[in-house]
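Under numbering that gives the first Met the number 0, the sequence shown has 67 at position 68, and the numbering climbs by one with no breaks.
We treat Cβ as the ideally placed atom computed from N, Cα and C, and that holds for glycine.
Here the structure is a predicted model, which is why all the values come from computation and not from measurement.
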Amino acid sequence: MGSLYVSPSVEQSVGYDSNPGEVQGGKGSAALRTDAEIKLRSDWSSNQLTGDLRGGYFHFPDVKGADRPDGDGRLDLRLDATKDFDVLTEIRGSLTTQLPDSVNLPVATKSRPLVYGYGASIAANYHPGYWHFTLRGNIDRTEYANAILLDGTVFDQSDRDLTQYELRARLGYDVSPAFRPFVEVRADARPYDRRFDFSGFARTSDGMAALLGTGIEFTRTLTGEIAAGYGHRSYEDARLKDLSGPLTEAFLIWSVTPLTTVTLKNSTQFVETTLAGSPGALEHQIGLEVSHALLRNFIITGNMAWTRDHYDTNVERDTSITAGVKAEWKLNRNFVVKASFLHTQEITNVAGRGYGENIYLIGARVQY
């Protein structure tokens with residue numbers, strides 16, 4: 000039957016955050032960060048179980064209301080029915096917080112409202128010979144906690160709670176290990192718990208998308224997948240314009256040398272909003288990470304990310320740019336010393352919003 004390996008870890012960091020409130024003109028504070036994680040991996044002759052559960056908490060003693068938790072987790076099970084057919088299942092969850100001056104909040108808040116996400120997937124993969132076919136179903140739920148405004152008023156966000164149901168079908172052919180083209184179509188529905196939001200708009204919508212892409216693997220140096228296509232969303236409320244636009248997706252890993260790895264990520268998606276008169280935004284994300292082992296047990300990593308939300312009303316465009324560097328010194332298999340720096344710049348065309356932030360941390364991780 001095989002074994003199941005469980006790997007827990009705990010991490011504690013201290014440092015300084017120049018703007019933990021993440022608001023324009025915010026003041027700085029000492030920063031304390033705690034993280035805990037548990038990973039599991041099966042070692043079975045067939046089938047596979049993997050999992051990762053992580054939770055963290057930022058505490059800022061000098062800025063009231065800036066503390067925030069975050070976390071995510073997933074559990075994946077692959078069932079090998081035959082050599083040509085397998086079934087993948089996944090359950091997942093996440094915990095994030097909203098920015099105090101989010102476009103989806105009427106005014107600034109006293110603390111950061113929580114956002115809960117959880118979902119599940121099941122996929123059937125059939126790969127006879129050089130062909131491969133995948134049918135995947137996803138269900139994802141998003142819930143928003145109430146916000147506490149600066150005057151103590153409770154702002155109800157239940158009109159934002161929704162569930163997304165999605166179906167994806169992919170057909171591909173392995174021309175060679177280096178070139179594995181595919182076509183993928185997607186259909187989804189996003190019904191809201193409340194038919195009308197508090198601005199009087201019915202935001203339930205349906206979406207369609209089609210992408211053409213390929214998996215690549217060049218001498219194991221450059222591996223990954225790229226795809227491009229087009230997506231469209233239509234809304235129940237006739238006052239909300241349909242959203243449509245080009246979609247791009249990429250995940251590439253370039254092993255430059257045995258010591259240096261470059262990772263590129265790209266995605267495009269339609270995101271929801273409560274902005275009056277706007278159906279939502281087309282969000283573009285690009286991320287780049289370069290990791291280099293200066294020594295066998297000393298790794299330094301640099302990263303950059305760019306995110307842009309363009310709301311259809313043309314009233315607001317939000318851009319987020321992050322850049323950072325981190326270093327890890329593995330003293331032994333169980334103890335790691337870490338240091339990191341992260342800069343964030345939020346740019347918007349709306350007066351009173353947008354901010355800059357620098358986070359400096361040093362800490363240690365104990366892992367088993």
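- DSSP, reduced to helix, strand and coil, places arginine 189 within a strand of the structure shown.
- Within its own chain, the residues whose Cβ lies closer than 6 Å to the Cβ of aspartate 158, once the five positions on either side in sequence are excluded, are Arg193, Asp196, Phe197, listed in chain order.
- Cβ neighbours of leucine 52 within its own chain (closer than 6 Å, five residues either side excluded): Ile37, Gly72.
- Taking the C-beta atoms as reference points, glycine 118 is found nearer than 8 Å to isoleucine 138.
- Shown here, serine 243 sits in a strand according to DSSP, grouped into three states.
- Sequence-distant Cβ neighbours of tyrosine 15 in its own chain, meaning closer than 7 Å and more than five residues away, are Gly27, Ala29, Ala30, Tyr359.
- Nearest in C-alpha terms to glycine 230, of all of Leu263, Gly214, Glu282, is Glu282.
- For glycine 244 and threonine 152, the gap between their C-alpha atoms comes out near 39 Å.
- When Arg202, Ala304, Thr203, Glu224 are compared, the shortest CA-CA separation from leucine 210 is found for Glu224.
- Of the residues Leu98, Glu235, Glu248, Gln344, the one whose Cα lies closest to the Cα of serine 277 is Glu235.
- Non-local C-beta neighbours of glutamate 327 in its own chain, meaning closer than 6 Å and more than five positions away in sequence, comprise Ile298, Val335, Lys337, ordered along the chain.
- The stretch 284–295 and the stretch 246–260 touch, with three or more beta-carbon pairs separated by less than 8 Å.
- Comparing alpha carbon positions, the residue from Leu134, Asn302, Tyr164, Tyr129 closest to leucine 341 is Asn302.
- A residue is called buried once 16 or more other Cβ atoms fall within 10 Å of its Cβ, and arginine 185 is buried on that count.
- Collapsing the DSSP output to three states places serine 157 in a helix.
- In the DSSP assignment, asparagine 137 falls within the beta strand (DSSP E) that extends over 130–143.
- With fewer than 16 other beta carbons inside 10 angstroms of its own, phenylalanine 217 counts as exposed.
- For tyrosine 367, no beta strand (DSSP E) encloses it, and the DSSP letter there is neither H nor E.
- Membership of leucine 263 in the beta strand (DSSP E) is indicated by the continuous run 259–270.
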